[in-house]
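Residue numbers (this note's numbering): 546 to 979. Think of the CB as a built atom: it goes at the ideal place given N, C-alpha and C, for glycine as much as any other residue. Presented below is the structure to which this report refers.
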Amino acid sequence: MELIAPDHPQYDVLRRPALPHYRAIRPALIARCTSPADVAEALAYARTHALPFALRGGGHCFAGHSSTTGLLLELSGMNAITPGPTRSRPGDSRAEARTPGDLPREDLPRGDRRVTPAAPQLAAIGAGARLADVYRGLHEHGLTIPAGCGPTVGIAGLTLGGGLGLLGRRYGLTCDRLVGATVVLADGRVVECAQGREPDLFWALRGAGGGQFGVVTSLEFAAVPSPTATRFTITWPRTHAADVIAAWQTWAPDAPDTITASLAVTADEVRVFGATLAPFDSGLLTGEVELRNGLSWPDLKRSFSDEDTPGDSVIHSKSEFFSSPLPRDTIAQLLAAGCELSFTPMGGAYNRVPADAIAFAHRGERFLLEHTGTDQTAVRRSWSIAHQHASGRLYPNFPDPDLTDPTAYHGPNYERLLAIKQAYDPDHIFGGIR
546 MELIAPDHPQ
556 YDVLRRPALP
566 HYRAIRPALI
576 ARCTSPADVA
586 EALAYARTHA
596 LPFALRGGGH
606 CFAGHSSTTG
616 LLLELSGMNA
626 ITPGPTRSRP
636 GDSRAEARTP
646 GDLPREDLPR
656 GDRRVTPAAP
666 QLAAIGAGAR
676 LADVYRGLHE
686 HGLTIPAGCG
696 PTVGIAGLTL
706 GGGLGLLGRR
716 YGLTCDRLVG
726 ATVVLADGRV
736 VECAQGREPD
746 LFWALRGAGG
756 GQFGVVTSLE
766 FAAVPSPTAT
776 RFTITWPRTH
786 AADVIAAWQT
796 WAPDAPDTIT
806 ASLAVTADEV
816 RVFGATLAPF
826 DSGLLTGEVE
836 LRNGLSWPDL
846 KRSFSDEDTP
856 GDSVIHSKSE
866 FFSSPLPRDT
876 IAQLLAAGCE
886 LSFTPMGGAY
896 NRVPADAIAF
906 AHRGERFLLE
916 HTGTDQTAVR
926 RSWSIAHQHA
936 SGRLYPNFPD
946 PDLTDPTAYH
956 GPNYERLLAI
966 KQAYDPDHIF
976 GGIR
């Protein structure tokens, strides 16, 4: 472990999170960790010196959980990406590595039946790796995992809180593909967890949110073939927004698994955009259509990078899941409120997993709606307009400081998470369940 003080030349680079909201926060010390042993040493240091601490992979936490005035555990040095067979774990094997709810590792159509390979292609990824590097490293071996578009988002935080992305409706959440992890516990012990090893901890790691049960230092995934895809964008003037939203919310969540079509409303326009693994027929569409065919998966992800990279302005956001369409009058009120709106479709493989199979509980939702803007009061007002029709559930990777009820994030899985917390972090070194 290397301790970085404020007078170190790299201090400001290392302490700076991705989101501008928290860039003024200055940790007393930064612990640069490159191994599980370093993490254990850093946790012991924080406890001995009574320092609050935070974990930093990509630094994208909406609620600022990856920033602190105490000891910042900086994990970006643990960024190895190793496709192919990985170490065997006691009580687990490649043949036993399963995705939750029997979610296919890779379903291959063959006539009128489907064949699943006996064992998945595995990939071990360090907790400090960023998504751009993950996609690039796996693609060199013909592989990928379903995950988000932000190039600097850390793989660990994304996975531990769920992981929505352009391949999700086909292959599930990022955490659905997780088959093993290395974790440093509050007492400094390093444990390997998988379906047959520390199963309760492994269950909790898949979707409850990061940094609550220990420090994950590496993750092992059941990877999928890296596809070629088409990026599409269909744009209309904002005056068409009500009709586009009404049509989108009844179509996108039920579309074939091979297509993910999000929707964005800005001050000037409304866009439906995303990616498809199947041929895209734009012949029946109105609006201005832009297609980019034959993109490799890393190239497709790079094409979304500018839209998913935080800038320097403080943007406020609130979000919620919806299990039924919004009424027309509510859509009209939302548009009048003037915030930017982002709709992300669920359905497909997301919803083919039982709600208690892993910690991520939001399996019956149709879409996620996010309200964003520079005026926090306006964002809250926009959210309240839609809230009356929402399911009351929140995506763990989009924590909302205004909402303190943990069941909004975890639903009926909350009680089991409390029991696992008591078993692995009884002194709440990592805080409570949030």
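Quick one, which of the options has its alpha-carbon nearest residue i's?
{"i": "Q933", "options": "H566, E865, V817", "result": "E865"}
{"i": "Q878", "options": "I930, N896, L886", "result": "I930"}
{"i": "A767", "options": "L703, D947, L688, L746", "result": "L688"}
{"i": "D920", "options": "I860, H553, G682", "result": "I860"}
{"i": "A935", "options": "I876, F867, T821", "result": "F867"}
{"i": "L723", "options": "T704, G710, T922, G713", "result": "T704"}
{"i": "H684", "options": "A894, S841, A968, D788", "result": "S841"}
{"i": "A964", "options": "D745, T803, G937", "result": "D745"}
{"i": "P562", "options": "L617, A968, A585, V584", "result": "L617"}
{"i": "A569", "options": "G883, T614, G603", "result": "T614"}
{"i": "A904", "options": "I978, V735, E885", "result": "I978"}
{"i": "P843", "options": "P899, G819, S771, F818", "result": "S771"}
{"i": "L600", "options": "I690, G937, V760", "result": "V760"}
{"i": "F888", "options": "K966, D826, P801, A786", "result": "A786"}
{"i": "P946", "options": "G602, F607, G976", "result": "F607"}
{"i": "L667", "options": "H686, R675, R681", "result": "H686"}
{"i": "T821", "options": "T811, T780, D721, A774", "result": "A774"}
{"i": "A906", "options": "E833, L620, G754", "result": "G754"}
{"i": "P870", "options": "F912, A882, V834, N838", "result": "F912"}
Between which two residues does the alpha helix (DSSP H) containing residue i stretch?
{"i": "S929", "result": "921-932"}
{"i": "F905", "result": "Element bounds for F905: n/a, residue is neither H nor E."}
{"i": "P628", "result": "That residue, P628, is in no alpha helix (DSSP H); its beta strand (DSSP E) goes 626-628."}
{"i": "L596", "result": "From DSSP, L596 is part of no alpha helix (DSSP H); its letter is neither H nor E."}
{"i": "E960", "result": "959-969"}
{"i": "L1037", "result": "With the chain represented from 546 up to 979, any question about residue 1037 goes unanswered, as that position is not in the structure."}
{"i": "T952", "result": "952-955"}
{"i": "Y716", "result": "713-716"}
Tell me, which residues are paired with residue i by DSSP?
{"i": "T916", "result": "Sequence inspection shows His at residue 916; the Thr mentioned does not correspond to that position. K863, L886."}
{"i": "F777", "result": "G819, L836"}
{"i": "T784", "result": "According to DSSP, which records beta bridges pairwise, T784 is partnered with nothing at all."}
{"i": "G699", "result": "R675"}
{"i": "S841", "result": "T773"}
{"i": "A586", "result": "For the record, residue 586 in the displayed sequence is Glu; it is not Ala. In DSSP, E586 forms no bridge with anything."}
{"i": "L617", "result": "I575, A599"}
{"i": "T689", "result": "V769"}
{"i": "E814", "result": "P782"}
Between residue i and residue j, what straight-line distance do the alpha-carbon atoms span, to the nearest angstrom?
{"i": "D950", "j": "Y959", "result": "10 Å"}
{"i": "I549", "j": "C578", "result": "11 Å"}
{"i": "I790", "j": "A797", "result": "10 Å"}
{"i": "V769", "j": "Y716", "result": "8 Å"}
{"i": "R908", "j": "R847", "result": "29 Å"}
{"i": "I974", "j": "A731", "result": "6 Å"}
{"i": "W1034", "j": "E910", "result": "Missing from the structure shown is residue 1034; the chain here goes from 546 to 979 and no further."}
{"i": "T627", "j": "I670", "result": "6 Å"}
{"i": "L948", "j": "E737", "result": "33 Å"}
{"i": "R776", "j": "F758", "result": "38 Å"}
{"i": "G993", "j": "R926", "result": "The chain is shown from 546 up to 979; residue 993 falls before or after that span and cannot be answered."}
{"i": "P554", "j": "R560", "result": "11 Å"}
{"i": "T922", "j": "G609", "result": "19 Å"}
{"i": "I700", "j": "G892", "result": "23 Å"}
{"i": "A894", "j": "L718", "result": "8 Å"}
{"i": "Y556", "j": "P597", "result": "18 Å"}
{"i": "L939", "j": "T778", "result": "27 Å"}
{"i": "P824", "j": "T805", "result": "13 Å"}
{"i": "D901", "j": "P957", "result": "8 Å"}
{"i": "P944", "j": "H916", "result": "13 Å"}
{"i": "R816", "j": "R897", "result": "28 Å"}
{"i": "G673", "j": "V679", "result": "10 Å"}
{"i": "L574", "j": "P551", "result": "7 Å"}
{"i": "H594", "j": "T762", "result": "23 Å"}
{"i": "A726", "j": "T697", "result": "21 Å"}
{"i": "Q967", "j": "V729", "result": "16 Å"}
Provide the residue span of the beta strand (DSSP E) that contains residue i, from first to last.
{"i": "D667", "result": "Correcting the residue type first, residue 667 is Leu in the shown sequence and not Asp. Element bounds for L667: 666-671."}
{"i": "S807", "result": "804-810"}
{"i": "F766", "result": "760-770"}
{"i": "A726", "result": "723-729"}
{"i": "V558", "result": "Per DSSP, V558 belongs to no beta strand (DSSP E); it is in the alpha helix (DSSP H), 556-560."}
{"i": "G739", "result": "In the sequence as displayed, the identity of residue 739 is Ala instead of Gly. Unbroken beta strand (DSSP E) run through A739: 735-739."}
{"i": "I549", "result": "547-549"}
Answer yes or no: does any C-beta atom of chain D fall closer than 8 Å to that of residue i?
{"i": "S621", "result": "Here chain D cannot be found, since the structure has a single protein chain."}
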